[in-house]
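**Student:** Residue numbers (my numbering), protein chains in the order written: chain F, 37 to 155; chain Y, 2 to 113. Where is the CB? At the ideal position from N, CA and C, for every residue including glycine.
Take a look at the structure:
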């Protein structure tokens, strides 16, 4: 399909384990975003990539969270030593242009999310 | 500090009637974008409408329109001729620079 895809759709893990969540953006989209959505809340910004580099990682809650996008397309969100409070839906979005300092115009296309449950 | 405020946790509307979902925002930037997204129970985020801070005309997309009052920092979504399929969570969001901030959402229920 042509949309943003995320795998796995569901992930159940135990407290203290390491998890990786994958995002495949729309082909050609240079900007990629990760969000976390807890139950009953709006998405919370985590990190933004422009190409291969993390242009803004100010939303990552602590150093257990890390994300990469080595070739400028697929991205992986990595969570070390998971805690129960990490349980949420992790959303990925991509857009054609993400301009730092420019007028914010472009629509972000969201993937279906990965539901992470930490037991 | 809360950047996006949606004061209506839940709203009801009769089918075929119009409904307004409130959104206020806080920013000191001159250049920003305002978005509305719909999230049905399936969980996907569906883009509805966009308003740029420099746009003088209110944005419209089919049955959706955005009532943009810049001085009041409000960006209310108006849905006309509500349909049963409009029942969902609706999120207002603002983009400043690189990140997008979302409100807590409003759950809209359309009654037949």
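If we cut at 7 angstroms on Cβ distances, does residue 101(Y) have a partner in chain F?
**Tutor:** Residue 101(Y) counts as touching chain F.
**Student:** Touching or not, the segment 81-88 of chain F and the segment 103-115 of chain F, by the rule of three or more beta carbon pairs under 8 angstroms?
**Tutor:** Output reads yes: the segment 103-115 of chain F touches the segment 81-88 of chain F.
**Student:** What's the gap between the Cα of residue 172(F) and the Cα of residue 71(Y)?
**Tutor:** No information on residue 172(F) is available, as it lies outside the stretch 37 to 155 that chain F covers here.
**Student:** So residue 64(Y) and residue 80(Y) are in contact, right, with Cβ under 8 angstroms, and what is the actual spacing, rounded?
**Tutor:** About 6 angstroms separates the two Cβ atoms, so the contact holds.
**Student:** Pull up the distance between the alpha-carbon of residue 130(F) and that of residue 110(F), whole angstroms please.
**Tutor:** About 11 angstroms.
**Student:** Could one say the Cβ of residue 105(Y) lies closer than 7 angstroms to chain F's Cβ atoms, at least one of them?
**Tutor:** So yes, residue 105(Y) belongs to the interface.
**Student:** Per DSSP, what are the beta-bridge partners of residue 41(F) in this structure?
**Tutor:** The partner list for residue 41(F) (beta bridge, DSSP) reads 60(F).
**Student:** Checking 7 angstroms against the spacing of the C-beta atoms, do residue 108(F) and residue 87(F) come in under that value?
**Tutor:** Closer than 7 angstroms, so yes.
**Student:** If we define contact as Cβ-Cβ less than 7 angstroms, is residue 139(F) a contact residue for chain Y?
**Tutor:** Residue placement at residue 139(F) cannot be trusted, given a pLDDT of 45 that sits under 50; what the coordinates show is reported in the next sentence. Yes, residue 139(F) lies at the interface with chain Y (some Cβ there is under 7 angstroms from its Cβ).
**Student:** Excluding the 5 residues preceding and the 5 following residue 69(Y) in the sequence, name in chain order all residues of the same chain whose CB lies nearer than 6 angstroms to its CB.
**Tutor:** Around residue 69(Y): 52, 59, 76.
**Student:** For the segment 120-135 of chain F, which residues have a CB atom closer than 8 angstroms to at least one CB atom of chain Y, in sequence order?
**Tutor:** Within the segment 120-135 of chain F, the residues whose Cβ lies closer than 8 angstroms to some Cβ of chain Y are 125, 127, 129, 134, listed in chain order.
**Student:** Anything in the segment 41-54 of chain Y with a Cβ closer than 7 angstroms to a Cβ of chain F? List those residues in chain order, please.
**Tutor:** So the close ones are 44, 45, 46, 48, 51, 53.
**Student:** Below 7 angstroms CB to CB, which residues in the same chain sit around residue 137(F) once its five sequence neighbours on both sides are set aside?
**Tutor:** Note on residue 137(F): pLDDT 48, under 50, position unreliable in the model; no value is reported.
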